[in-house]
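J.:
Protein chains: 2
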Amino acid sequence: MLERDRRKPGSWATTPAKRRRILDAALSCFDERGIAATTIDDICAAAGLHVGSIYHHFAGKDDIFETLARDAMGDYLAGVVDALAGGRSSPDSIRRLVAFHVRWVEQRPALTRLMLSWEETERDRPSGREHYVQYSEAIGAWLRREARAGRIRRMEPDLYSTLLMGPLMEHARQRSAGLTSASPQTMQRGLAAGLRRVLLSGGDG
Amino acid sequence: MLERDRRKPGSWATTPAKRRRILDAALSCFDERGIAATTIDDICAAAGLHVGSIYHHFAGKDDIFETLARDAMGDYLAGVVDALAGGRSSPDSIRRLVAFHVRWVEQRPALTRLMLSWEETERDRPSGREHYVQYSEAIGAWLRREARAGRIRRMEPDLYSTLLMGPLMEHARQRSAGLTSASPQTMQRGLAAGLRRVLLSGGDG
DNA sequence: GGCTTTTTAGAATCCGGTTCTTGAACTATA
DNA sequence: TATAGTTCAAGAACCGGATTCTAAAAAGCC
Numbered sequence: 240m241l242e243r244d245r246r247k248p249g250s251w252a253t254t255p256a257k258r259r260r261i262l263d264a265a266l267s268c269f270d271e272r273g274i275a276a277t278t279i280d281d282i283c284a285a286a287g288l289h290v291g292s293i294y295h296h297f298a299g300k301d302d303i304f305e306t307l308a309r310d311a312m313g314d315y316l317a318g319v320v321d322a323l324a325g326g327r328s329s330p331d332s333i334r335r336l337v338a339f340h341v342r343w344v345e346q347r348p349a350l351t352r353l354m355l356s357w358e359e360t361e362r363d364r365p366s367g368r369e370h371y372v373q374y375s376e377a378i379g380a381w382l383r384r385e386a387r388a389g390r391i392r393r394m395e396p397d398l399y400s401t402l403l404m405g406p407l408m409e410h411a412r413q414r415s416a417g418l419t420s421a422s423p424q425t426m427q428r429g430l431a432a433g434l435r436r437v438l439l440s441g442g443d444g
Numbered sequence: 240m241l242e243r244d245r246r247k248p249g250s251w252a253t254t255p256a257k258r259r260r261i262l263d264a265a266l267s268c269f270d271e272r273g274i275a276a277t278t279i280d281d282i283c284a285a286a287g288l289h290v291g292s293i294y295h296h297f298a299g300k301d302d303i304f305e306t307l308a309r310d311a312m313g314d315y316l317a318g319v320v321d322a323l324a325g326g327r328s329s330p331d332s333i334r335r336l337v338a339f340h341v342r343w344v345e346q347r348p349a350l351t352r353l354m355l356s357w358e359e360t361e362r363d364r365p366s367g368r369e370h371y372v373q374y375s376e377a378i379g380a381w382l383r384r385e386a387r388a389g390r391i392r393r394m395e396p397d398l399y400s401t402l403l404m405g406p407l408m409e410h411a412r413q414r415s416a417g418l419t420s421a422s423p424q425t426m427q428r429g430l431a432a433g434l435r436r437v438l439l440s441g442g443d444g
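Each protein sequence line maps, in turn, to chains A and B. Counting in my numbering, the first sequence runs from 240 upward without gaps. Counting in my numbering, the second sequence runs from 240 upward without gaps.
In structure tokens, the structure reads:
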């Protein structure tokens, strides 16, 4: 029934490549049908493999999802940290952060969706908090340093992540749901301006 | 196997009450086990009914979930609109909005979780955008009015929701995951201050 | 009290994820 | 190049949970 791509003997891919192929297949399924709606069979068909093989490489659907999501999150976080660290001043770091974020979201819609969904599902699990903590840590170091130097408004640590991540994640959500009519450039400028006003010292208390 | 609460003949509840009982049962299950993990049987046990009866009142698990989530969202939105409309000035409206939000999240952890999860799952569905649009509309009217009067910084409409909803929803997420150590009062003050800086006119462009 | 409609019980069904068994392909070693 | 051990693929079997279906009890109505 399913059109499977049976290879002739002798052309067996090496393990990491096969793993990759499953992940890629899953990613495109997740992206086009939604995460809950894709079945293992869908992934089988897309990867040209049978259930057994998939379960040989992964513990299950969740494992595949988590692997993809974890990678996506890791990639995003690395970019965030780089952007912040690479700025030559606080405003510059903020500009770079927002520029990176908007570009990432624009260029990786599937990964964006994955990252956002993960956020949701992870919360219920034992390991749930992990990513959140990771995110906070990633930004925390930079924020603490800048705040200590007086370049960034001093406030309750919890507020930093709320006020920084909030707009960024909300933007990602809107964008991945196709709800923004404004251009990426406009959003980028607006987000940067907003974050500057919230974070940088000066003005009313 | 399941301990069902069989009522004696003659004590049958009226329809809306029965519906309510199912919803309440489901809400507590969702809350204590997580949404994905609660089975229909769990809800049956909690409501003291059998599958058949539940399917008589609702189309399925999703229907129950959506009903609860829609109600939660409706309640929240109504409060938001009230808060904004009731302020005697823009800063006052913002203060009221944040105060309402923080209180709501504190007092209704189960509904908060539901609302946030709905956001996630809804995106994939045909009717997906609906709630988002609803949210934007709810705040949109107030924002447009204030902006036209010059009391609120003029910006791309999409940015309003990003910059307003972003921090609030992020706060709700953190809170419902038990990740804030700061007191509600602190968060409330901080959020209000942040939103004021972003939204109110004046200062750098 | 008999008739219709609503609600319930619970068995039957269906669907999708996971497990298990078998065998084929690869690897290393002699 | 046979051989033992290991990894990978196939696909049937299994299992749990959502949904559907049928019959019967309760409620409403005359």
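Every residue, glycine too, gets a C-beta built ideally from N, C-alpha and C. Note that this is a predicted model, so its numbers are computed, not measured.
So what's isoleucine 391 of chain A in DSSP terms, helix, strand or just coil?
T.: If DSSP states are grouped into helix, strand and coil, isoleucine 391 of chain A belongs with the strands.
J.: Within 9 Å (strictly less), CB to CB, does threonine 425 of chain A reach chain B?
T.: For threonine 425 of chain A, the answer is yes, since a Cβ of chain B falls inside 9 Å of its Cβ.
J.: Looking at the structure shown, is leucine 439 of chain A part of a helix, part of a strand, or coil, going by DSSP?
T.: Looking at leucine 439 of chain A - three-state DSSP - the assignment turns out to be strand.
J.: Pairs of beta-carbons, one from the segment 300 to 311 of chain B and one from the segment 348 to 363 of chain B, closer than 8 Å: are there three or more?
T.: Enough Cβ pairs lie closer than 8 Å, so yes.
J.: In terms of residues, what are the limits of the alpha helix (DSSP H) holding histidine 296 of chain B?
T.: 290 to 296 is the span of the alpha helix (DSSP H), which, as asked, contains histidine 296 of chain B.
J.: Beta-carbon within less than 7 Å of leucine 439 of chain B's beta-carbon, same chain only, minus the 5 sequence neighbours each way: which residues are those?
T.: So the list reads Ser329, Pro330, Ile391, Arg392, once near-sequence residues are dropped.
J.: Indicate the three-state DSSP secondary structure (helix, strand or coil) for serine 356 of chain A in the structure shown.
T.: Serine 356 of chain A falls in the helix class under three-state DSSP.
J.: Please classify leucine 398 of chain A: is it buried, with 16 or more other beta-carbons within 10 angstroms of its beta-carbon, or exposed?
T.: With 16 or more Cβ atoms within 10 Å of its Cβ, leucine 398 of chain A is classed as buried.
J.: Is the Cβ of glycine 389 of chain B closer than 9 Å to any Cβ of chain A?
T.: So no, glycine 389 of chain B is outside the interface.
J.: If you drop the 5 nearest sequence neighbours on each side, which residues of the same chain put their C-beta closer than 7 Å to that of glycine 417 of chain A?
T.: Closer than 7 Å at the Cβ level, and outside the excluded window around glycine 417 of chain A, lies no residue.
J.: Starting from the C-beta of glycine 318 of chain A, find all residues in its chain whose C-beta is less than 7 Å away, skip the five residues before and the five after it, and write them out in chain order.
T.: Within the same chain, glycine 318 of chain A has close Cβ partners Phe339, Trp343.
J.: When the Cα of aspartate 270 of chain B is compared with those of B:Thr351, B:Met312, B:Lys257, which residue comes out closest?
T.: Checking every option, the nearest Cα to that of aspartate 270 of chain B belongs to B:Thr351.
J.: Assuming isoleucine 279 of chain B is part of the alpha helix (DSSP H), what are its boundary residues?
T.: Per DSSP, isoleucine 279 of chain B belongs to the alpha helix (DSSP H) from 279 to 286.
J.: Taking C-alpha atoms, which residue in A:Leu402, A:Ala256, A:Arg334 lies nearest to glutamine 424 of chain A?
T.: When only C-alpha atoms are compared, the closest one is A:Arg334.
J.: Closest to valine 341 of chain A by C-alpha separation, out of A:Arg435, A:Gly429, A:Gly441, would be which residue?
T.: Looking at the Cα atoms, A:Gly429 is the closest of the given residues.
J.: Along the alpha helix (DSSP H) that carries arginine 412 of chain B, what are the first and last residues, could you check?
T.: Unbroken alpha helix (DSSP H) run through arginine 412 of chain B: 396 to 415.
J.: Quick one: Cα of leucine 266 of chain A to Cα of glycine 291 of chain B, how far?
T.: C-alpha separation (whole angstroms): 37 Å.
J.: Hey, proline 406 of chain B and glycine 405 of chain A are a contact pair by Cβ (cut 8 Å); roughly how many whole angstroms apart?
T.: 4 Å between Cβ atoms; contact.
J.: Considering only residues of the same chain and omitting the five flanking positions on each side of arginine 245 of chain A, which have a CB-CB separation below 7 Å?
T.: Confidence at arginine 245 of chain A is low in this model, with a pLDDT of 32, below 50, so its placement is unreliable and no value can be given for it.
J.: Could you say which of A:Ile303, A:Ala264, A:Ala275, A:Ile274 lies nearest to alanine 284 of chain A if we only look at CA atoms?
T.: When only C-alpha atoms are compared, the closest one is A:Ala264.
J.: Would you say glutamate 385 of chain B lies against chain A (beta-carbon separation less than 9 Å)?
T.: No, its Cβ sits nowhere closer than 9 Å to a Cβ of chain A.
J.: Only counting the same chain, and skipping five residues up and downstream in sequence, which positions put a Cβ closer than 7 Å to that of threonine 419 of chain B?
T.: Contacts found: Gln413, Met426.
J.: Can the beta-carbon of alanine 431 of chain B be found less than 9 Å from the beta-carbon of valine 372 of chain B?
T.: No, Cβ-Cβ distance for alanine 431 of chain B and valine 372 of chain B is not below 9 Å.
J.: For tyrosine 294 of chain B, count neighbouring Cβ atoms within 10 angstroms of its own Cβ and tell me buried if that reaches 16, exposed if not.
T.: Tyrosine 294 of chain B should be labelled exposed.
J.: Is any beta-carbon of chain B found at less than 9 Å from that of glutamine 254 of chain A?
T.: Note that residue 254 of chain A corresponds to threonine in the displayed sequence, not to glutamine. Chain B, which has no Cβ nearer than 9 Å to the Cβ of threonine 254 of chain A, makes this no.
J.: Please confirm whether arginine 334 of chain B has its beta-carbon closer than 9 Å to some beta-carbon of chain A.
T.: No, arginine 334 of chain B lies away from the interface with chain A (no Cβ there is under 9 Å from its Cβ).
J.: Within 9 Å (strictly less), CB to CB, does valine 372 of chain A reach chain B?
T.: So, interface residue.
J.: Roughly how many whole angstroms lie between the Cα atoms of threonine 401 of chain B and glutamate 409 of chain A?
T.: If I take the Cα positions, the gap works out to 6 Å.
J.: Helix, strand or coil: how does DSSP classify methionine 267 of chain A here?
T.: The sequence given here places serine at residue 267 of chain A; methionine does not occur at that position. It is helical.
J.: Below 7 Å CB to CB, which residues in the same chain sit around glycine 444 of chain B once its five sequence neighbours on both sides are set aside?
T.: In this predicted model, glycine 444 of chain B has a pLDDT of only 42, less than 50, meaning its place in the structure is not dependable; the value taken from the coordinates is given anyway. Contacts found: none.
J.: Between the C-alpha atoms of glutamate 369 of chain A and arginine 259 of chain A, what's the straight-line distance to the nearest angstrom?
T.: Roughly 25 Å between the two C-alpha positions.
J.: Measure from the C-beta of alanine 298 of chain B to each C-beta in chain A and report whether the shortest distance is under 9 Å.
T.: It does not: the Cβ of alanine 298 of chain B has no partner Cβ on chain A nearer than 9 Å.
J.: For glycine 318 of chain A, which of helix, strand or coil comes out of DSSP?
T.: In this structure, glycine 318 of chain A counts as helix in the three-state DSSP scheme.
J.: So which residues of chain A does glycine 379 of chain B contact, with C-beta pairs closer than 7 Å?
T.: None at all; the shortest Cβ gap to chain A is about 13 Å.
J.: Would you mind reading off the limits of the alpha helix (DSSP H) that contains arginine 334 of chain A?
T.: Element bounds for arginine 334 of chain A: 329 to 346.
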